[in-house]
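Asker:
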Amino acid sequence: MLEIKNLHVSVEDKEILKGIDLTVNAGELHAIMGRNGSGKSTLSQVIAGRDTYEITQGEILYNGEDIESWPPERRALEGVFLSFQYPVVIPGVNTTYFMKAALNAKLKHLGKSELDAMDFLALIREKLKQVGMDENYLSRAVNDGFSGGEKKRNEILQMLTLEPTLSILDETDSVLDIDALKIVAEGVNNYRNDERAIVVITHYQRILEYMDIDKIHVLMDGKIIRSGGKNLARELEEKGYSWLEEKSV
Amino acid sequence: MNPFQSQFESLIDRRKNEPAELKALRLQGLERFNELGLPKPSWESWQYSDFSKIDSAHFRLPTEDDMPSTKEERFPIIGDSYNIVILNGFYQKQLSSLPDTIKVRTILEMFGKEPSPILRNLISEVNPFRALNAGLMNCGLVMDIPDGTVINKPIHILYQTTHISDSVMTNPRFLVQIGANAEATLIEHYAGKSNNEYFHNIVTEISLAENANLNHIRIQEDGFNATHVASTRYLLDSNARLNGMHFALGSKLYRQDISVTLNGEGAEGILNGLCLSNENQHLDHFVTIDHDQARCVSRQLFKYILSDASSGAFNGRIVVKPDSQKTDAIQTNKNLLLSDASLMNSNPQLEIYADDVKCAHGSTSGQMDSEAIFYLQSRGLNQDKARLLLINGFAGEVLQKIRNQSARDYLESCLYEWLDNQNFSA
């Protein structure tokens, strides 16, 4: 589903990603781990189509197609979803209105009929339950006055509603307490199926304990320096990133 | 002779039967205006707005000959309301409908019978346009809402200007007096159906007696070559509550001085504003809130959305007198610049002479948040739709504060129409 080949990315002439190779197949759950500044968020934003990053070399293939020229909304409509590390606050824009507009844009793209207000409300109520969110979120402005944890749940709520095929979760776990973390992990686990792929980007292996991970990649200084199975996370937890740093020299 | 002087003389000549007191007032107003002259760039409170071209336009006052046929005229409707219609400066009693509980007279009728409340301050007047208005006052109304009266529908004062081939100026004056414990919603609405040059110089004085409650929605959608100058003053007695909304999208040059005097303990003044400008428009608000008594609350939220080469100015002063303890005042000005050529001047001022007060102000101006646009795009909305959603949200924060649903709907439709005509792809 996602095939990244020798990806080099720069911001204002500073190279951040220095040759990433990554393949994620349908049905798989991958984790990308790394320290702050290793390039994790750059990778997620580039996949979603942020234009402040420049691809200087390599390519990103999504279902076999090079998506470099696709604007972010096309990627979204075709099934790519990014759960933001820092969800953006949009004062004055009602959450219900925003989510309904997003869902209807997607339905329209898929050639399905758009939902009216009643049907949308019924659907969103169901999804709210899955992430343990109160209905009054809907009447508030997008992420406005939300706590860190509420913002992250709201991202997962959007994922469950928009039903993407490739979900990139960028540090969705970082400000969650243990109860919220379990809810989010469970939401992701339930969401997973043979046709969907999920990439969890994280700092800590904590969330990985609640998920059945297929592959873990360690990102350091813009390169994946190690890939492995679930045990890699535990090793990292025990020995720290410097263990790999020494090994890779 | 300056054009205003000659208009003054022809006005006096046309209205030979006016009471002596009114004539004296006019003369005083004109003399004060001549002393002050038009605002100059060196006047600090007027520095952002250029009135140097007003002199040369040779505006004249309208006469009955300028009246269009009211049968063909179309008037904007804002929900179910009582109506007062003024067309090119002439009150249209036959098109107006009011409940018996509201007393309305033309301002010229009033001067025949009562001493003028205007006379008191004219000699020390510092705003030349207010002095000019007193001199050339050609229309306006006095409205009294008696004590304890609750008006169940909004009162929509529609001041409509139609196409007149030469340049016309009007100097309306409104006096609105809300009695003790009375409640009303007043929509003061300027609609221009002409793209010709014209000049409005409006004075509105609104007083709220003890525990009165007023929603005031002022809508300025004058023609694109109009100059709209206004001075609006609110005077609040104890525990009176004002919820004011000042919406402006019309005219090439707009300047409104708004003053709120919280003159009784526990009075609350809420004042919001939204300006939408494009092309070469210049929209300017100068707001002063005087906390003259203790325990008063004031809130201001003014927003500007500027496109093309338009410009805006917001001056906001909060003055807290020495004995006005427990004052609670917040002022916010936020501006969204949609083009590189647009320009905003924001100037908040706090003057606090009491020590036990809560006062805050904040001002931000900036272009659209590219991160927010990316966020919306990443959810499947295209860039144009994302921008529209953000602008709507930005404006919506102000419009949501309007309590009257019909007025809110009307202004939202004005916003959508305005957005439809903007070019954001640049």
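Sequence order for the protein chains is H and D.
Take the first sequence: its position 179, counting from 1, is numbered 179 in my numbering, and each next residue is one higher.
For my numbering, count along the second sequence from 1 and bump the result up by 1000.
A virtual CB, placed ideally from N, CA and C, is assigned to each residue, including glycine.
In this text, all values refer to a predicted model and were calculated from it rather than measured experimentally.
What are the boundary residues of the alpha helix (DSSP H) that includes H:Glu126?
Answerer: Run containing H:Glu126: Ala117 to Gln130, per the alpha helix (DSSP H) assignment.
Asker: With a threshold of 8 Å between beta-carbons, can H:Ala101 be considered close to chain D, or not?
Answerer: Cβ-Cβ to chain D under 8 Å: yes for H:Ala101.
Asker: At what residue ranges does the stretch 1094–1168 of chain D contain a whole run of the alpha helix (DSSP H), taking only runs of 4 or more?
Answerer: As far as the stretch 1094–1168 of chain D is concerned, its whole alpha helix (DSSP H) runs of at least 4 residues are 1107–1113 and 1128–1136.
Asker: Can you name the start and end residues of the beta strand (DSSP E) that D:Gln1325 belongs to?
Answerer: Counting along the chain, D:Gln1325 falls outside any beta strand (DSSP E), and DSSP gives it neither H nor E.
Asker: For a contact defined as C-beta to C-beta under 7 Å, what are the partners of H:Arg50 on chain D?
Answerer: Within 7 Å Cβ-Cβ: Phe1374.
Asker: For D:Ala1313, I'd like the list of residues in its chain whose CB is within less than 6 Å of its CB, leaving aside the five on either flank, ordered along the chain.
Answerer: Here the set comprises Tyr1048, Asp1284 and Asn1345.
Asker: Near D:Glu1412, which residues of its chain fall below 7 Å by C-beta distance, leaving aside the five closest residues on each side in sequence?
Answerer: These residues qualify, in order along the chain: Leu1399.
Asker: Okay, do the stretch 1093–1105 of chain D and the stretch 1142–1162 of chain D touch, 3+ Cβ pairs below 8 Å being the bar?
Answerer: The stretch 1093–1105 of chain D is in contact with the stretch 1142–1162 of chain D.
Asker: Since D:Pro1068 is in the alpha helix (DSSP H), which residue starts that stretch and which ends it?
Answerer: From DSSP, D:Pro1068 is part of no alpha helix (DSSP H); its letter is neither H nor E.
Asker: Taking three-plus beta-carbon pairs below 8 Å as touching, is the stretch 120–132 of chain H in contact with the stretch 81–88 of chain H?
Answerer: No, the stretch 120–132 of chain H is not in contact with the stretch 81–88 of chain H.
Asker: Does D:Ile1330 come out as helix, strand or coil in the three-state DSSP assignment?
Answerer: Correct three-state label for D:Ile1330: strand.
Asker: Which residues of chain H have a Cβ atom closer than 8 Å to the Cβ of D:Arg1299, listed in chain order?
Answerer: In chain order: nothing, as chain H lies at least about 16 Å away.
Asker: Check this for me: beta carbons of H:Glu155 and H:Ile201, under 8 Å apart or not?
Answerer: In this structure, H:Ile201 does not lie closer than 8 Å to H:Glu155 by Cβ.
Asker: For a contact meaning CB atoms closer than 8 Å, what does H:Leu162 contact in chain D?
Answerer: In chain order: Arg1379 and Gly1380.
Asker: Look at D:Arg1317 and D:Gln1293 and say whether their C-beta atoms are less than 8 Å apart.
Answerer: For D:Arg1317 and D:Gln1293, no; Cβs fall outside 8 Å.
Asker: Can you tell me whether DSSP reads D:Ala1360 as helix, strand or coil?
Answerer: Correct three-state label for D:Ala1360: strand.
Asker: Grab the span of the alpha helix (DSSP H) containing H:Arg140 for me, first residue to last.
Answerer: Taken as a continuous stretch (DSSP letters only), H:Arg140 belongs to no alpha helix (DSSP H), as it is neither H nor E.
Asker: If D:Leu1301 and D:Asn1347 are in contact, beta carbons under 8 Å, what's the gap, nearest whole angstrom?
Answerer: Between D:Asn1347 and D:Leu1301 the Cβ distance is about 16 Å, and since that is not below 8 Å, they are no contact.
Asker: In chain H, what lies closer than 7 Å to D:Glu1397 by C-beta?
Answerer: Correct list: Pro91 and Gly92.
Asker: Using only CA atoms, which one of D:Glu1268, D:Asn1382 and D:Tyr1190 lies nearest to D:Asn1211?
Answerer: It is D:Glu1268 whose Cα lies nearest to the Cα of D:Asn1211.
Asker: Check distances from the C-beta atoms of the stretch 54–79 of chain H to those of chain D and list, in chain order, the residues that come in under 8 Å.
Answerer: Listed by position, the residues of the stretch 54–79 of chain H near chain D (Cβ gap below 8 Å) are Pro71, Pro72, Glu73, Arg75, Ala76 and Leu77.
Asker: Have a look at D:Val1110 and D:Leu1306 and give me their C-alpha separation to the nearest angstrom.
Answerer: Sequence check: residue 1110 of chain D is Met here, not Val. The straight-line gap from Cα to Cα measures roughly 41 Å.
Asker: Assign H:Trp243 to one of two classes, buried (16 or more other C-beta atoms within 10 Å of its C-beta) or exposed (fewer than that).
Answerer: Exposed, since its Cβ has fewer than 16 Cβ neighbours within 10 Å.
Asker: Just the C-alpha distance for D:Ser1311 and D:Glu1114, rounded to the nearest angstrom, thanks.
Answerer: Cα to Cα, the separation comes out at about 43 Å.
Asker: Measuring only between beta-carbons, confirm whether D:Phe1394 sits less than 8 Å from chain H.
Answerer: So, interface residue.
Asker: For D:Thr1170 and D:Phe1394, I'd like the C-alpha separation in whole angstroms.
Answerer: Their Cα atoms are separated by approximately 34 Å.
Asker: Which residues does DSSP list as the beta-bridge partners of H:Leu22?
Answerer: DSSP, once it has assigned bridges, lists H:Ile4 as partnering H:Leu22.
Asker: Beta strand (DSSP E) containing H:Pro91: first to last residue?
Answerer: First-last of the beta strand (DSSP E) with H:Pro91: Ile90 to Asn94.
Asker: Please return the same chain residues whose Cβ sits closer than 6 Å to the Cβ of D:Thr1364, not counting the five positions on each side in sequence.
Answerer: So the list reads Lys1334, once near-sequence residues are dropped.
Asker: Measuring straight from C-alpha to C-alpha, what distance separates D:Leu1030 and D:Leu1136?
Answerer: Looking at the two C-alpha atoms, the distance is approximately 8 Å.
Asker: Excluding the 5 residues preceding and the 5 following H:Leu115 in the sequence, name in chain order all residues of the same chain whose CB lies nearer than 8 Å to its CB.
Answerer: The answer, listed in chain order, is Lys100, Leu103, Asn104, Leu107 and Leu123.
Asker: State yes or no: is the C-beta of D:Arg1403 within less than 8 Å of the C-beta of D:Asn1181?
Answerer: It is not a contact, given that the beta carbons lie outside the stated cut-off.
Asker: Below 7 Å on C-beta distance, what does D:Glu1371 contact in chain H?
Answerer: Residues of chain H passing the Cβ test: Val88.
Asker: Report the neighbours of D:Leu1390 on chain H: residues whose CB is nearer than 9 Å to its CB, in chain order.
Answerer: Near D:Leu1390 (Cβ distances below 9 Å), the residues of chain H are Ile90, Gly92 and Val93.
Asker: Name the two residues that bound the continuous beta strand (DSSP E) containing H:Lys182.
Answerer: Where H:Lys182 is concerned, there is no enclosing beta strand (DSSP E), although the alpha helix (DSSP H) it sits in stretches over Ile178 to Tyr191.
Asker: For the stretch 193–214 of chain H, which residues have a CB atom closer than 7 Å to at least one CB atom of chain D, in sequence order?
Answerer: Those would be none; no residue qualifies.
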